[in-house]
Amino acid sequence: MTKIHQETYGSGKPLVLVHGWAMHTGIWRGFAKQLAQYYRVTCIDLPGHGQSEPLRPFELDQICEVLAHNVSDEPAVWLGWSLGATVALDIARRFPKRCSALILMTGNPHFTQVNVDDGSRQWPGMKTALLDSFAENLQENCQATLLRFLSLQVNGLQGYKPLMKELKTVIAQYPAPDDATLQGGLSILKNADLRPALVDLSMPVLAIFGAKDALVPVAVAEFMQQLAPNMRIKIIDKAGHAPFLSHPNEVVALMTDFIEHHV
1 MTKIHQETYG SGKPLVLVHG WAMHTGIWRG FAKQLAQYYR VTCIDLPGHG
51 QSEPLRPFEL DQICEVLAHN VSDEPAVWLG WSLGATVALD IARRFPKRCS
101 ALILMTGNPH FTQVNVDDGS RQWPGMKTAL LDSFAENLQE NCQATLLRFL
151 SLQVNGLQGY KPLMKELKTV IAQYPAPDDA TLQGGLSILK NADLRPALVD
201 LSMPVLAIFG AKDALVPVAV AEFMQQLAPN MRIKIIDKAG HAPFLSHPNE
251 VVALMTDFIE HHV
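Numbering follows my numbering, in which position 241 of the sequence shown is assigned residue number 241; successive positions increment by one, without gaps.
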């Protein structure tokens with residue numbers, strides 16, 4: 001069984017935090033310790049990221065199986081960010097008894113643009129060509145490609161420089177995932193379609209978006225609400241793709257309100 005690195009802080013209702021593409025638990029630590037004033041927060045490294053062992057193949061079904069067998073089987077609130085939101089949504093679909101509630105942070109059940117309503121509208125998402133360029137550039141210059149991806153997460157925000165510095169410092173704590181893992185993550189973002197899963201969920205769901213997100217268009221919130229009318233949507237006006245870094249107090253307040261009133 002693939003070994004998964006976990007870090008747990010605090011006590012109380014259990015929360016599980018799943019990071020995004022090419023990241024690791026270090027990205028959560030400050031935010032997790034803030035949440036730990038109220039809950040028992042477990043941060044996990046996805047397979048092949050940070051201190052977790054790699055997984056072959058790095059595919060969504062296999063990732064969810066590994067996490068389900070490594071993380072405590074008690075019902076928890078699962079919070080996924082970006083790629084982690086895709087993973088958490090699939091965990092909730094496949095292992096609903098493990099998930100008391102779901103929080104999707106700047107996540108998109110279909111990460112790329114696609115036609116809907118017989119082509120009359122487009123599902124808001126990242127352009128497939130941009131994801132393809134990331135995949136190609138990884139093979140030529142992995143470090144530069146990762147830095148470009150990081151910059152997209154905070155570009156145009158107030159406090160861009162310190163946020164970018166924090167991201168660079170965190171990601172440098174451990175070696176980058178290997179090429180197969182990084183390419184596998186991009187393939188999940190490009191190909192996974194969890195919109196049917198969102199429709200079928202029975203547990204409470206909160207989706208948090210940044211109005212200035214360059215990777216997940218805030219317009220997707222309306223489309224997701226149509227699929228899941230009971231889902232709670234919160235948009236942070238001045239946030240980008242990583243609101244837990246740029247607006248941690250606001251995110252904690254949204255989460256605690258959701259958990260205390262709906263879980």
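Ideal placement from N, C-alpha and C gives every residue a C-beta, glycine not left out.
Cutting at 8 Å between CB atoms, please list the residues of its own chain near residue 127, excluding the five before and the five after it.
If you number the sequence shown from 1, residue 127 lands on position 127. Excluding sequence neighbours, residue 127 sits near 112 and 113.
Counting Cβ pairs closer than 8 Å, one from the segment 96-108 and one from the segment 198-210, do we hit at least three?
yes
Contact check, residue 146 vs residue 22 under 8 Å by CB: the rounded distance?
Residue numbering aside, residue 146 sits at position 146 when the sequence shown is read from its first letter. Residue numbering aside, residue 22 sits at position 22 when the sequence shown is read from its first letter. Their Cβ separation, rounded to whole angstroms, is 6 Å, which keeps residue 146 and residue 22 in contact under 8 Å.
Buried or exposed for residue 237, going by 16 or more other Cβ atoms inside 10 Å?
Residue numbering aside, residue 237 sits at position 237 when the sequence shown is read from its first letter. Flag for residue 237 reads exposed.
Would the beta-carbon of residue 124 fall within 8 Å of that of residue 197?
Walking along the sequence shown from the start, residue 124 turns up at place 124. Walking along the sequence shown from the start, residue 197 turns up at place 197. The answer is no: Cβ separation not under 8 Å.
Of the residues 49, 15, 14 and 159, the one placed nearest residue 173, counting alpha carbons only:
Working through the sequence shown from its first residue, we reach residue 173 at position 173. Of the candidates 49, 15, 14 and 159, the one whose C-alpha sits nearest the C-alpha of residue 173 is 49.
At what residue ranges does the segment 17-72 contain a whole run of the beta strand (DSSP E), taking only runs of 3 or more?
40-44
Sorted by chain position, which residues of the same chain lie with C-beta nearer than 6 Å to residue 185's C-beta, five sequence neighbours on each side aside?
Start at 1 with the first residue of the sequence shown, and residue 185 comes out as number 185. Within the same chain, residue 185 has close Cβ partners 21 and 83.
In the structure shown, what three-state DSSP assignment does residue 207 receive?
Numbered from its first residue, the sequence shown carries residue 207 at position 207. In the structure shown, residue 207 sits in a strand (DSSP, three-state: E or B).
If you draw a straight line from the C-alpha of residue 75 to the C-alpha of residue 140, how long is it?
Looking up residue 75 in the sequence shown gives position 75. Looking up residue 140 in the sequence shown gives position 140. If you take the alpha carbons of residue 75 and residue 140, they lie about 43 Å apart.
Residue 199: buried (16+ other C-beta within 10 angstroms of its C-beta) or exposed?
Here residue 199 is taken as the residue at index 199 of the sequence shown, counted from 1. Using a 10 angstroms sphere on the CB of residue 199, the tally of other CB atoms stays under 16, which defines it as exposed.
How would you label residue 239, buried or exposed, when you count the other beta carbons within 10 angstroms and need 16 or more for buried?
Taking the sequence shown and counting its residues from 1, the one referred to as residue 239 is at position 239. Burial call: buried.
In chain order, what are the residue ranges of uninterrupted beta strand (DSSP E) at least 3 long that sit wholly in the segment 157-244?
If we require 3 residues or more, the beta strand (DSSP E) runs fully inside the segment 157-244 come out as 205-210 and 232-236.
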